[in-house]
Amino acid sequence: MGDVLAGIHATWEFESDSVLIRFERGIRAPKLFQALRERRIPYEALESVSLSQGKRGTVVLHAVPRPGADPLMDAAAGQLKEACDPYRLVVPAERETLAEYYADELRGSLAPDAAKPAERHLVAAPETPLHFKAYDGRAAFDGRQVTFRWFWTGASSEKWKAGDQNFPVAALSGVEWRSPEVFDGHLRLLRRASDCGGDPGGAPAQADRDPASVVFGLGYGPVHESLPFAAAVLAAVRGGGGPAIPHQTVPAAAGRRDPADIAERIRHLGDLHRAGLVTDDEFSAKKAELLAEL
Numbered sequence: 027m028g029d030v031l032a033g034i035h036a037t038w039e040f041e042s043d044s045v046l047i048r049f050e051r052g053i054r055a056p057k058l059f060q061a062l063r064e065r066r067i068p069y070e071a072l073e074s075v076s077l078s079q080g081k082r083g084t085v086v087l088h089a090v091p092r093p094g095a096d097p098l099m100d101a102a103a104g105q106l107k108e109a110c111d112p113y114r115l116v117v118p119a120e121r122e123t124l125a126e127y128y129a130d131e132l133r134g135s136l137a138p139d140a141a142k143p144a145e146r147h148l149v150a151a152p153e154t155p156l157h158f159k160a161y162d163g164r165a166a167f168d169g170r171q172v173t174f175r176w177f178w179t180g181a182s183s184e185k186w187k188a189g190d191q192n193f194p195v196a197a198l199s200g201v202e203w204r205s206p207e208v209f210d211g212h213l214r215l216l217r218r219a220s221d222c223g224g225d226p227g228g229a230p231a232q233a234d235r236d237p238a239s240v241v242f243g244l245g246y247g248p249v250h251e252s253l254p255f256a257a258a259v260l261a262a263v264r265g266g267g268g269p270a271i272p273h274q275t276v277p278a279a280a281g282r283r284d285p286a287d288i289a290e291r292i293r294h295l296g297d298l299h300r301a302g303l304v305t306d307d308e309f310s311a312k313k314a315e316l317l318a319e320l
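Numbers in the working numbering are just positions in the sequence shown, counted from 1, shifted up by 26.
Following this line, the structure appears as structure tokens:
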């Protein structure tokens, strides 16, 4: 098609085999759009296209991706607010005729099997490296492994006892993202190993006690940071990563850390020890590990 339809917070550029969505980076644009910047959506990734009346003199061009085609929408699992849906283009009502034209063109470009789930991701995942701060730790992903480093101010005793975590992509089977805008928001890594930190019956532990999870809340883990992170991990997992290998604690000698941070962590460890939440041996071993990082 080769034409452009400008809307509120985004512009869609229609090409021969895909639509290039460029998101506005202005102060009024949703932060998720600003983080995504632009996305290329192949027409074969779309399930349907509609045009409907919007609010306050606007119309909405809405493309729906096929299940399994976009790692971002798969990770979101229907939890995104309408205003943050990157597949919705809000257009002033005076451009309704033009929007209807492009809606018809898009419908004509849908794949014959558009109603079926995609067999693989057709939309590129957010680029790595990615990182964000959760309430109880810092999450980082370099494309090959996910690392959780716990904060002494927020992490539970279970996570402190387990230590910082390092999860190779090959050790994972998926990702569970629960929006920070709802109760119990978190990001949980789903492991291939049978022991996922749950009870003897196999149910996963609560996110605040599961070393394979970080929890959101109080401004930590916002959608525009944690969702692209989850999508990138999900795409890496589904893209394959070699034979499964177990996750590990992050090696203490990986790098030198701030002495003040180490001191705070040792103090918190002492509090846990005095409260009877860690044993003498656990306290001594973890303290030695922390001191080795100086």
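Where is the CB? At the ideal position from N, CA and C, for every residue including glycine.
Exercise for the section: Within 10 angstroms of the Cβ of D29, are there 16 or more other Cβ atoms? Answer buried if so, exposed if not. Expected result: For the purposes of this step, residue 29 is identified with residue 3 of the sequence shown, where counting begins at 1. Burial call: exposed.
Handout entry: Continuous beta strand (DSSP E) assignments of at least 3 residues falling wholly in the segment 58–97
Key = 64–68, 72–79, 84–91
Practice task
Give every residue of the same chain whose Cβ lies closer than 6 angstroms to the Cβ of A262, excluding the five residues on either side of it in the sequence, and list them in chain order.
Solution key: Taking the sequence shown and counting its residues from 1, one reaches residue 262 at position 236. These residues qualify, in order along the chain: V195.
Practice task
Using three-state DSSP, classify K244 as helix, strand or coil.
Solution key: Looking up residue 244 in the sequence shown gives position 218. Checking the sequence, you will find Leu at residue 244 rather than Lys. Reduced to three states, the DSSP call for L244 is coil.
Exercise for the section: Could you tell me the distance, in whole angstroms, from the CA atom of A289 to the CA atom of L295? Expected result: Residue mapping note: residue 289 aligns to position 263 of the sequence shown, counting from 1. Residue mapping note: residue 295 aligns to position 269 of the sequence shown, counting from 1. Those two C-alpha atoms are separated by around 10 angstroms.
Exercise for the section: My understanding is that P152 touches P254, with C-beta atoms under 8 angstroms, so please give their C-beta distance in whole angstroms. Expected result: In the sequence shown, residue 152 corresponds to position 126, counting from 1. In the sequence shown, residue 254 corresponds to position 228, counting from 1. Their Cβ separation, rounded to whole angstroms, is 4 angstroms, which keeps P152 and P254 in contact under 8 angstroms.
Exercise for the section: Using the DSSP secondary-structure output, state which residues sit across from R114 in a beta bridge. Expected result: Within the sequence shown, residue 114 is the residue found at index 88, counting from 1. BP columns for R114 point to H88.
Handout entry: Presumed contact (8 angstroms Cβ cut-off) between L156 and A55, rounded CB distance
Key = Reading the sequence shown from its first residue, position 130 is the one you call residue 156. Reading the sequence shown from its first residue, position 29 is the one you call residue 55. Not quite, the Cβ-Cβ distance comes to about 20 angstroms (not below 8 angstroms), so this is no contact.
Problem - Cα-Cα separation, P68 to E315 - result: Residue 68 sits at position 42 when you count from the first residue of the sequence shown. Residue 315 sits at position 289 when you count from the first residue of the sequence shown. If you take the alpha carbons of P68 and E315, they lie about 49 angstroms apart.
Exercise for the section: Can you grab the Cα-Cα spacing for the pair G227 / A311, in whole Å? Expected result: As a working note, residue 227 is residue 201 in the sequence shown. As a working note, residue 311 is residue 285 in the sequence shown. Only weak support is given to the placement of G227: the predicted model assigns it a pLDDT of 45, under 50, and the value that follows is read from those uncertain coordinates. So the alpha carbons of these two residues sit roughly 30 angstroms apart.
Problem - For H157, the three-state DSSP class (helix, strand or coil) - result: As a first step, residue 157 must be located in the sequence shown, where it is residue number 131. Note: H157 maps to strand in three-state DSSP.
Exercise for the section: Whole angstroms is fine: what's the gap from A144's alpha carbon to T123's? Expected result: Locating residue 144 in the sequence shown gives position 118, counting from the first residue. Locating residue 123 in the sequence shown gives position 97, counting from the first residue. In a straight line, the C-alpha of A144 is about 31 angstroms away from that of T123.
Exercise for the section: Counting only the same chain and skipping the five closest in sequence on each side, list residues whose C-beta sits under 7 angstroms from that of G223. Expected result: By one-based count along the sequence shown, residue 223 stands at place 197. Reliability of the predicted coordinates at G223 is poor, the pLDDT of 48 falling under 50, and no value is obtained from them.
Handout entry: Spatial neighbours of Q60 in its chain, beta-carbon cut-off 6 angstroms, leaving aside the 5 residues before and after
Key = If you number the sequence shown from 1, residue 60 lands on position 34. Hits under 6 angstroms: R51.
Handout entry: Residues near A188 by beta carbon distance below 6 angstroms, same chain, minus five either side
Key = Residue mapping note: residue 188 aligns to position 162 of the sequence shown, counting from 1. Excluding residues within five positions, the ones whose Cβ falls inside 6 angstroms are P237.
Exercise for the section: Give me the Cα-Cα distance between L87 and S252, rounded to the nearest whole angstrom. Expected result: For this step, residue 87 is matched to residue 61 along the sequence shown. For this step, residue 252 is matched to residue 226 along the sequence shown. So the two alpha carbons sit approximately 26 angstroms from each other.
Problem - A95 vs E64 beta-carbon contact at 9 angstroms - result: Within the sequence shown, numbered from 1, the residue matching residue 95 stands at position 69. Within the sequence shown, numbered from 1, the residue matching residue 64 stands at position 38. No. Outside cutoff.
Exercise for the section: For F49, collect the residues of the same chain with a Cβ closer than 7 angstroms to its Cβ; drop the 5 residues on either side in sequence, then sort them by chain order. Expected result: Start at 1 with the first residue of the sequence shown, and residue 49 comes out as number 23. Answer for F49: H35, A36, A55, F59, Q60, L62, R63, E64, listed in chain order.
Exercise for the section: Would you grab the beta carbon distance between L72 and V90 for me? Rounded to a whole angstrom, and I think it's under 8 angstroms. Expected result: Residue mapping note: residue 72 aligns to position 46 of the sequence shown, counting from 1. Residue mapping note: residue 90 aligns to position 64 of the sequence shown, counting from 1. Their Cβ separation, rounded to whole angstroms, is 7 angstroms, which keeps L72 and V90 in contact under 8 angstroms.
Handout entry: Straight-line Cα distance separating A101 from A32
Key = By 1-based counting over the sequence shown, the position of residue 32 is 6. By 1-based counting over the sequence shown, the position of residue 101 is 75. Those two C-alpha atoms are separated by around 27 angstroms.
Practice task
Can you grab the Cα-Cα spacing for the pair V45 / R121, in whole Å?
Solution key: Working through the sequence shown from its first residue, we reach residue 45 at position 19. Working through the sequence shown from its first residue, we reach residue 121 at position 95. Near 18 angstroms, if we compare the C-alpha coordinates of R121 and V45.
Problem - Best match in K57, R66, S205 for proximity to S42 [C-alpha to C-alpha] - result: Against the sequence shown, residue 42 aligns to sequence position 16. Out of K57, R66, S205, R66 has the C-alpha closest to the C-alpha of S42.
Exercise for the section: Please report the Cβ distance between R175 and D190, rounded to the nearest whole angstrom; I am assuming they are in contact, meaning their Cβ atoms lie under 8 angstroms. Expected result: Sequence index remark: in the sequence shown, residue 175 carries index 149 (1-based). Sequence index remark: in the sequence shown, residue 190 carries index 164 (1-based). That pair is a contact at about 5 angstroms.
Practice task
Pick helix, strand or coil for T173, following the three-state DSSP scheme.
Solution key: Taking the first residue of the sequence shown as position 1, residue 173 is located at position 147. Strand.
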